[in-house]
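S.K.: This structure is in structure tokens; I'll ask about it shortly.
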Amino acid sequence: MNVDYVHGYTERESARLEDQANCLNELLHADSLFPKGSTILEAGCGVGAQTKIIAPKNPDSKFVSIDISPESIVQADALIKSLHIQNVEFQTGDIFDLHFPEESFDHVFVCFVLEHLPQPLDALLKLKKVLKKGGTLTLIEGDHGSTFFYPESTTAQAAINTQVRLQSENGGNANIGRQLYPLLLRSGLKKCCVSPRMVYVDSSKPDFVEGFIKNTFTAMIEGIKEKVDKKDAASFDQGVRDLYRTAQADGVFCYTFFKGIGYNI
Ligand SMILES: C[S@@+](CC[C@H](N)C(=O)[O-])C[C@H]1O[C@@H](n2cnc3c(N)ncnc32)[C@H](O)[C@@H]1O
Numbered sequence: 089m090n091v092d093y094v095h096g097y098t099e100r101e102s103a104r105l106e107d108q109a110n111c112l113n114e115l116l117h118a119d120s121l122f123p124k125g126s127t128i129l130e131a132g133c134g135v136g137a138q139t140k141i142i143a144p145k146n147p148d149s150k151f152v153s154i155d156i157s158p159e160s161i162v163q164a165d166a167l168i169k170s171l172h173i174q175n176v177e178f179q180t181g182d183i184f185d186l187h188f189p190e191e192s193f194d195h196v197f198v199c200f201v202l203e204h205l206p207q208p209l210d211a212l213l214k215l216k217k218v219l220k221k222g223g224t225l226t227l228i229e230g231d232h233g234s235t236f237f238y239p240e241s242t243t244a245q246a247a248i249n250t251q252v253r254l255q256s257e258n259g260g261n262a263n264i265g266r267q268l269y270p271l272l273l274r275s276g277l278k279k280c281c282v283s284p285r286m287v288y289v290d291s292s293k294p295d296f297v298e299g300f301i302k303n304t305f306t307a308m309i310e311g312i313k314e315k316v317d318k319k320d321a322a323s324f325d326q327g328v329r330d331l332y333r334t335a336q337a338d339g340v341f342c343y344t345f346f347k348g349i350g351y352n353i
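The sequence shown begins at 89 in my numbering and counts up by one.
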């Protein structure tokens, strides 16, 4: 594995990605639909958390799902086989060193990957090369700057900012959602369009309290605990507790994802 990936490749992170995908299924993927007979490149598929949602939604299309981590590809393959999904082929592969002929895919799909890449525009240019004329490139990313919650807590906000800083020190950008439109434009794709997808959670939606506040967002922040300076550890832990506090009966949590699409015309 040659990527210093801020979220890591632990079992807990795999479970978190699955929770995230399950809970955000409708919000992010209601429109993840491709014309029948398409061949779709899913770049940076990880452990298959999105694959298991989008592949069954498009049973008459074929997915080629790649990831730079061979371990993740093994897990993703096992997951998809266990669900008897048959329209996915997995390969270990690097977005920056793709081995497919130019214009080999009808569509390209990328979810929660650009945020980890030092050169997201270069990634889009590489992906555009393997996209057929007339095809689309779909991007989904979050933006931690869109997070707000009740009860308010500057300590929780500081814990989130620590994650943003660490990700940026690794060459990534946890606030990349707001840049999808400019990135799509700069990549030369046309008819670019971005839609914000806000997750609003309060205790009237217990599934989202568990699946999003606790198991997706706060678990992600908590997951960087070992990377936090010792001197900041107590404050960071308090920030994480304050985030979990928003999961109580009077708590509220908001976060916005961005989904963008551009056409290769
Ligand atoms: C946050 S995970 C997202 C996985 C999956 N798309 C999802 O939403 O559950 C980011 C993934 O991007 C992969 N990745 C990072 N750099 C990559 C590259 N250059 N080529 C292919 N995959 C890459 C990582 O290995 C990791 O599995």
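Virtual Cβ for every residue (Gly too), placed ideally from N, Cα, C.
1) For Ala335, which option in Thr304, Leu272, Glu101 has the closest C-alpha, if you only look at C-alpha atoms?
2) Using the rule of at least 16 other Cβ atoms within 10 Å of the residue's Cβ for burial, across every protein chain shown, is Tyr238 buried or exposed?
3) Taking C-beta to C-beta, are Cys133 and Ser153 nearer than 9 Å?
4) From the DSSP output, in three-state form, read off Pro359 for me.
5) Could you pull the start and end residues of the alpha helix (DSSP H) that Thr127 belongs to?
6) Ser283: buried (16+ other C-beta within 10 angstroms of its C-beta) or exposed?
7) Tell me where the beta strand (DSSP E) around Gly265 begins and ends.
8) Per DSSP, what are the beta-bridge partners of Ile228 in this structure?
9) Could you check whether the Cβ of Gly299 sits closer than 9 Å to any Cβ belonging to chain B?
10) Determine the DSSP secondary structure at Phe184, reduced to helix, strand or coil.
11) Would you say the segment 333–350 touches the segment 215–226, given that touching needs at least three Cβ pairs under 8 Å?
12) How about the segment 109–118 and the segment 133–149: do they share at least three Cβ pairs that are nearer than 8 Å?
13) Assuming contact is defined by CB atoms lying nearer than 9 Å, are Pro147 and Asn113 in contact in what I supplied?
14) Among residues of its own chain, excluding the 5 on either side of Gly260, which ones have a beta-carbon nearer than 8 Å to its beta-carbon?
15) Mind checking Asn90: buried by the 16 CB within 10 Å criterion, or exposed?
16) Starting from Ser283, follow the beta strand (DSSP E) in both directions and report where the run begins and ends.
17) Taking the alpha-carbon of Asp185 as reference, which of Phe200, Ile173, Glu159, Asp155 has the nearest alpha-carbon?
18) So the candidates are Ala247, Phe300, Asn258, Thr242; which of them puts its Cα closest to the Cα of Phe324?
19) If the criterion is Cβ atoms closer than 9 Å, does the pair Met286 and Phe200 meet it?
20) Under a three-way DSSP split, which group does Phe296 fall into?
21) Tell me whether Met89 sits in a helix, a strand or coil according to DSSP, three-state version.
22) In angstroms with no decimal places, state the Cα-to-Cα distance between Glu229 and Ala262.
23) Could you check if Phe341 is buried or exposed, using at least 16 other CB atoms within 10 Å of its CB as the buried criterion?
M.R.: According to the structure data:
1) Sequence index remark: in the sequence shown, residue 335 carries index 247 (1-based). Closest option to Ala335, Cα to Cα, is Thr304.
2) To locate residue 238, count along the sequence shown from 1; it is residue 150. Under this definition Tyr238 is an exposed residue.
3) As a working mapping, residue 133 is identified with position 45 in the sequence shown. As a working mapping, residue 153 is identified with position 65 in the sequence shown. Yes, the pair counts as a contact, with Cβ atoms nearer than the cut-off.
4) Not covered by the structure: residue 359. The range shown for the chain is 89 to 353.
5) Your numbering for residue 127 matches position 39 in the sequence shown. No alpha helix (DSSP H) holds Thr127; the beta strand (DSSP E) holding it covers 127–131.
6) Residue mapping note: residue 283 aligns to position 195 of the sequence shown, counting from 1. With fewer than 16 other Cβ atoms within 10 Å, it is exposed.
7) Within the sequence shown, numbered from 1, the residue matching residue 265 stands at position 177. Segment: none, Gly265 is in no beta strand (DSSP E) and carries neither H nor E.
8) Along the sequence shown, one-based indexing puts residue 228 at 140. DSSP, once it has assigned bridges, lists Cys199, Lys347 as partnering Ile228.
9) No chain B appears in the structure shown, which is made up of a single protein chain.
10) In the sequence shown, residue 184 corresponds to position 96, counting from 1. In this structure, Phe184 counts as coil in the three-state DSSP scheme.
11) yes
12) yes
13) As a working mapping, residue 147 is identified with position 59 in the sequence shown. As a working mapping, residue 113 is identified with position 25 in the sequence shown. Not a contact, by the Cβ cut-off of 9 Å.
14) For this step, residue 260 is matched to residue 172 along the sequence shown. Excluding residues within five positions, the ones whose Cβ falls inside 8 Å are Val94, Glu203, His204, Leu205, Pro206.
15) Residue numbering aside, residue 90 sits at position 2 when the sequence shown is read from its first letter. Because the pLDDT at Asn90 is just 40, under 50, the model does not fix this residue reliably, and the value given afterwards should be weighed accordingly. Burial call: exposed.
16) Taking the sequence shown and counting its residues from 1, the one referred to as residue 283 is at position 195. 278–290 is the span of the beta strand (DSSP E), which, as asked, contains Ser283.
17) Position 97 of the sequence shown, counted from the first residue, corresponds to residue 185. Minimum Cα distance to Asp185 is reached at Asp155.
18) Taking the first residue of the sequence shown as position 1, residue 324 is located at position 236. When each option's Cα is compared against that of Phe324, the closest is Ala247.
19) For the purposes of this step, residue 286 is identified with residue 198 of the sequence shown, where counting begins at 1. For the purposes of this step, residue 200 is identified with residue 112 of the sequence shown, where counting begins at 1. No, the Cβ-Cβ distance between Met286 and Phe200 is not below 9 Å.
20) Numbered from 1 along the sequence shown, position 208 holds the residue referred to as residue 296. It is helical.
21) As a position in the sequence shown, residue 89 is number 1, starting the count at 1. Confidence is the limiting factor: at Met89 the pLDDT is only 37, short of 50, which leaves the residue's position unreliable, though a coordinate-based value still follows. Correct three-state label for Met89: coil.
22) Residue 229 sits at position 141 when you count from the first residue of the sequence shown. Residue 262 sits at position 174 when you count from the first residue of the sequence shown. Using only the alpha carbons, I get a separation of about 9 Å.
23) One-based indexing of the sequence shown puts residue 341 at position 253. The residue in question, Phe341, is buried, as its Cβ has 16 or more Cβ neighbours within 10 Å.
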